[in-house]
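First comes the structure, then the notes that go with it.
Protein chains: 2
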Amino acid sequence: MSDHRMTQPDESVLTDELVRDAAALDAADPLAPLRELFVLDGGVYLDGNSLGALPAHVPARVADVVARQWGELRIHSWRESGWWDAPERIGDRIAPLVGAGPGQIVVGDSTSVNVFKAVVAGVRLSADESRTDIVVDAATFPTDGYVAESAARLTGRRIVHADPRELSAALGPATAVVLLNHVDYRSGRLHDLPALTAAVHEAGAIAVWDLCHSAGALPVDLDAHGVDLAVGCTYKYLNGGPGSPAYLYVAERHQEAFESPLPGWNSHADPFAMDHRYTPAGGAARGRVGTPDILSLLALDAALDVWEGVDMDSVRAKSLALTDFFLRCAETYAEGGLNGVDSRVSSLTPVAHEARGSQIALRCAEAPAVMDRLAGRGVVGDLRGPDVLRFGFTPLYTGFEDVRRAAAALGEVLAEVPRA
Amino acid sequence: MSDHRMTQPDESVLTDELVRDAAALDAADPLAPLRELFVLDGGVYLDGNSLGALPAHVPARVADVVARQWGELRIHSWRESGWWDAPERIGDRIAPLVGAGPGQIVVGDSTSVNVFKAVVAGVRLSADESRTDIVVDAATFPTDGYVAESAARLTGRRIVHADPRELSAALGPATAVVLLNHVDYRSGRLHDLPALTAAVHEAGAIAVWDLCHSAGALPVDLDAHGVDLAVGCTYKYLNGGPGSPAYLYVAERHQEAFESPLPGWNSHADPFAMDHRYTPAGGAARGRVGTPDILSLLALDAALDVWEGVDMDSVRAKSLALTDFFLRCAETYAEGGLNGVDSRVSSLTPVAHEARGSQIALRCAEAPAVMDRLAGRGVVGDLRGPDVLRFGFTPLYTGFEDVRRAAAALGEVLAEVPRA
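Residue numbers (the working numbering), protein chains in the order written: chain F, 1 to 420; chain C, 1 to 420.
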């Protein structure tokens with residue numbers, strides 16, 4: 001304990017309490033044993049919402065794919081090692097994590113490419129030429145907006161930006177498709193998927209959800225809420241590895257009418273017939289495009305093993321407990337507390353559980369310097385310029401003492417970095 | 001030597017000659033030492049034009065990417081391990097193999113997705129609304145045709161099919177874009193890229209070449225021949241691994257006007273500014289889309305090491321020698337010889353060197369049974385239904401004695417499989 005703290009008994013008492021509470025929360029955490037499945041170091045990794053940590057068994061699985069499946073079996077692996085069906089098979093493994101029945105999710109391509117498929121196909125599903133508008137979350141992760149704009153240009157529609165909290169104002173008989181982020185990548189705000197999907201449907205439009213920042217961190221329940229189309233990445237909370245393939249969900253009721261703007265040969269009903277006429281495959285395979293990227297797909301396949309037997313409600317409960325505890329720790333450790341007049345940091349993430357994802361975004365005038373010094377202490381978060389410190393909480397491998405240590409490091413760093 | 005052959009002295013003499021010649025050709029082959037760089041077995045692998053063999057050093061490199069770069073450095077690898085720039089950096093490594101100067105090739109996405117970018121962007125480059133036609137190689141690998149059709153639908157153009165050998169008839173003031181395969185995937189016919197590109201330009205149109213079956217097997221010389229746009233895969237003659245990322249070439253003179261239909265955030269001039277307005281990056285990066293698929297990209301990066309110091313003219317010379325020798329061996333070993341009235345097999349691949357890629361396609365009524373039995377003997381080719389045996393010759397790791405053994409096995413198998 002430092003001299004500095006010796007002179008501030010109140011803080012010291014609070015710190016002792018946080019240490020005790022962290023230990024108690026970790027001891028009572030039913031997901032705590034899962035931490036052993038990951039490769040972690042002595043630091044605190046709070047950037048699993050950018051790149052998930054490596055599950056410890058993945059290297060051996062990838063080595064087998066490279067050395068045996070590619071090196072020895074070569075082309076025979078398309079059948080013998082299950083390469084050909086991997087996009088649908090792995091889609092079916094992601095399905096329960098996002099509340100989808102089998103046969104509706106296909107894995108492959110990047111999130112951006114899947115947004116393109118979903119928005120163009122969504123416009124086509126909406127069918128009615130008088131539906132001119134593609135409504136896009138005004139705070140969307142940029143790629144969704146760029147790609148939606150391209151889809152609008154190519155389908156002769158126009159883009160309308162809307163705050164998801166005031167979505168109804170943007171909806172009407174001209175709405176074709178609505179593209180929304182389930183959790184805002186910057187603020188960590190969780191949008192109300194059931195209510196917003198219902199509002200989109202009431203307007204007679206197609207709801208496309210981007211699940212990048214929610215899948216694997218909280219229940220999504222795509223089927224239960226009647227979502228039409230959805231996309232998501234697999235390298236954040238699903239730990240699939242850097243740039244691992246994204247996925248596309250097409251609700252079963254839309255599959256027959258789903259018309260991909262990227263009808264590559266892998267989406268053909270009989271791809272090896274090498275038919276010059278295009279006849280789309282049924283089911284999830286209709287969302288495929290070209291030859292699947294096997295090394296990355298099978299690394300993801302292996303990574304998904306950590307979800308076996310994991311219940312998404314427990315994940316959500318722990319996620320909320322982690323972010324609650326982080327806010328409490330930050331309030332104690334950060335100079336001036338949180339959200340006060342004299343505070344160095346204030347939270348952009350909603351306090352209400354129903355509006356919070358699995359991250360905390362703290363506004364801080366000195367964010368770049370602070371994030372840099374945190375990294376020097378082994379606490380890894382993400383900077384979202386110009387002034388946001390973003391901390392992601394991955395329930396499978398983040399513990400409560402990790403959270404406390406990260407907040408304590410934040411307090412120390414703030415004491416070192418002069419006010420801007 | 002079998003009794004059967006003892007009674008056929010002529011064949012035996014010819015066989016002895018082929019054995020001797022194969023040994024002499026192998027001894028004189030300047031590329032022969034490269035074979036040691038690959039993982040091969042006792043069989044003969046003639047399917048490198050479907051999936052290239054594993055370069056022996058790749059497993060260790062992939063293991064490092066997974067365990068250290070992902071597992072230990074995690075997000076720091078985007079900068080520290082060169083992940084972020086990998087699409088352009090690896091593009092610059094492919095460039096000399098296809099005769100392109102630096103800064104014009106970007107790696108990522110599948111061939112199909114890159115065909116879409118190229119055809120839509122090509123239509124936009126052609127600019128003139130009166131140019132209504134997208135001309136597509138009538139014998140194209142199917143995905144190019146399907147994707148071009150989608151591009152036509154989205155840009156309000158129409159598809160015109162044409163035999164590349166009679167291309168001029170299809171060209172005119174209405175031609176916007178011409179999409180051609182450099183080597184026909186089925187017959188192995190090599191099209192005349194310089195002359196056809198010139199003809200397309202004379203018509204005022206944009207030439208898009210698909211290099212899947214030529215890159216890594218013969219010189220392409222994109223820059224020298226003024227090609228506008230090109231795409232290719234990396235898992236055939238470039239040995240990048242199953243489903244490894246494809247590439248897109250945009251000639252420097254078109255980069256400023258190149259408008260991607262898939263403007264993902266990775267193609268933004270300042271991707272981490274998270275700007276809601278799209279401002280495209282300059283150079284090859286404009287062809288990027290979403291987060292690059294790092295495991296597959298870096299496996300490809302490693303695989304490209306085998307090309308260091310390899311001259312594409314030597315590759316071409318060996319490729320032609322291999323296919324010549326295979327035709328000679330097949331003529332000797334196959335019942336009834338090659339291309340005769342009584343022959344079991346006839347070649348679809350042009351005899352003329354200037355019209356031959358790096359494969360031989362043999363028409364055979366009993367092709368499925370023959371290919372099956374060849375595999376049983378360790379000779380791996382590819383079946384292209386209903387009646388084509390396709391054999392690819394990879395100059396880096398296929399030797400002349402391999403070729404002779406494959407043809408001998410073909411002769412034995414034909415003797416076992418009754419005529420249909």
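Beta carbons are placed, not taken as given, at the ideal position from N, Cα and C, and that holds for glycine. Being a predicted model, the structure only gives us computed values, none of them experimental.
Check your understanding: I206 (chain C) bridges to which residues according to DSSP?
Key -> C:V177
**Report entry** For L14 (chain F) and L25 (chain F), the rounded distance between their alpha carbons
**Finding:** 16 Å
Could you give the first and the last residue of the continuous alpha helix (DSSP H) run that contains H254 (chain F)? E252 to Q255
- Under 7 Å between beta-carbons, which chain F residues line up against G243 (chain C)? List them in chain order, please. T291, P292, D293 and I294
List in chain order: all unbroken alpha helix (DSSP H) runs of 4+ residues lying wholly within the region 110-176 of chain F.
-> 111-126 and 142-155
Check your understanding: For the alpha helix (DSSP H) that I294 (chain F) lies in, which residues bound it at each end?
Key -> I294 to A303
Review point. Name the chain C residues that come within less than 8 Å of R427 (chain F), Cβ to Cβ?
Key: This structure cannot speak to residue 427 (chain F), because chain F is shown only from 1 to 420.
Exercise. CB of D16 (chain C) to nearest heavy atom of the ligand GTP: below 6 Å?
Worked result: This structure lacks the ligand GTP; in fact it carries no ligand of any kind.
Within-7 Å CB hit, W265 (chain C) to chain F:
yes
| message | So, at 8 Å on beta carbons, what are the nonlocal neighbours of G264 (chain C) in its own chain, with the 5 sequence-adjacent residues on each side left out? | response | R288, V289 and G290
| task | Note down, in chain order, every chain F residue with its Cβ under 9 Å from the Cβ of W209 (chain C). | result | Near W209 (chain C) there are no residues of chain F at all, since even the closest Cβ is about 17 Å away, more than 9 Å.
Let me confirm a value: F272 (chain F) is counted as buried when at least 16 other C-beta atoms fall within 10 Å, else exposed. Which label applies? exposed
Quick check on DSSP: helix, strand or coil for D263 (chain C)? Here residue 263 (chain C) is Pro; the residue named in the question, Asp, does not match the sequence. Three-state DSSP puts P263 (chain C) in coil, outside helix and strand.
Beta-carbon within less than 6 Å of G399 (chain F)'s beta-carbon, same chain only, minus the 5 sequence neighbours each way: which residues are those? D26
Output the boundary residues of the alpha helix (DSSP H) element that contains L27 (chain F).
The amino acid occupying residue 27 (chain F) in the given sequence is Ala; Leu does not appear at that position. Here the alpha helix (DSSP H) through A27 (chain F) covers P9 to A28.
| field | Paired residues, beta bridge with Q69 (chain F) - DSSP | value | Q69 (chain F) is not bridged to any residue.
- Close-in-space but distant-in-sequence residues of the same chain around P164 (chain C) (CB under 7 Å, 5 per side omitted): D137, L180, H191 and L196
Assumed close pair A334 (chain C), T349 (chain C) - CB separation to whole angstroms, cut-off 8 Å
Rounded, the Cβ-Cβ distance is 15 Å, inconsistent with contact.
Against chain F: residues of the region 24-44 of chain C by CB proximity under 8 Å:
V39 and D41
*asked:* Quick check on the burial criterion: 16 or more other C-beta atoms within 10 angstroms. Buried or exposed for H449 (chain F)?
replied: Past the edges of chain F, shown from 1 to 420, lies residue 449 (chain F), and the structure says nothing about it.
Taking only beta-carbon atoms, is D402 (chain C) less than 7 Å away from chain F?
no
Contact list for I75 (chain C) against chain F, beta-carbon separation under 8 Å = D47, S50, L51, V380 and D382
Grouping DSSP H, G and I as helix and E and B as strand, with all else coil, what is A334 (chain C)?
coil
**Request:** Check the Cβ of P96 (chain C) against every Cβ in chain F and list those closer than 7 Å, keeping chain order.
**Result:** By Cβ distance, chain F contributes nothing, its closest Cβ being about 24 Å from P96 (chain C), past 7 Å.
Original post:
Name the DSSP bridge partner or partners of S319 (chain C)?
Top reply: Its beta-bridge partners do not exist; DSSP assigns none.
task: Using alpha carbons as the reference points, say which of F:Y45, F:G122 and F:A367 lies closest to V420 (chain F).
output: Note on residue identity: the sequence assigns Ala, not Val, to residue 420 (chain F). Nearest of F:Y45, F:G122 and F:A367 to A420 (chain F), Cα basis: F:A367.
Practice item. Measure from the alpha carbon of D92 (chain C) to the alpha carbon of each residue in C:A281, C:L248, C:Y45 and C:A365, then state which is nearest. Key: C:L248
### Query
At a CB-CB cut-off below 7 Å, which residues of chain F make contact with G145 (chain C)?
H276
Beta-carbon proximity list for R20 (chain C), same chain, < 6 Å, skipping 5 on both sides
none
Where DSSP assigns a beta bridge to I360 (chain F), which residues make up the other side? F:F391
task = Please confirm if W84 (chain C) has its CB atom under 7 Å from at least one CB of chain F.
result = no
**Prompt:** Under 7 Å between the Cβ atoms of S358 (chain F) and L300 (chain F)?
**Reply:** no
**Asked** How big is the Cα-Cα spacing for P87 (chain C) and R253 (chain C)?
**Response** 20 Å
For D16 (chain C) and Y237 (chain C), I'd like the C-alpha separation in whole angstroms.
31 Å
If we define contact as Cβ-Cβ less than 7 Å, is L238 (chain F) a contact residue for chain C? no
Worksheet item: Are the beta-carbon atoms belonging to F325 (chain F) and V403 (chain F) less than 7 Å from one another?
Response: yes
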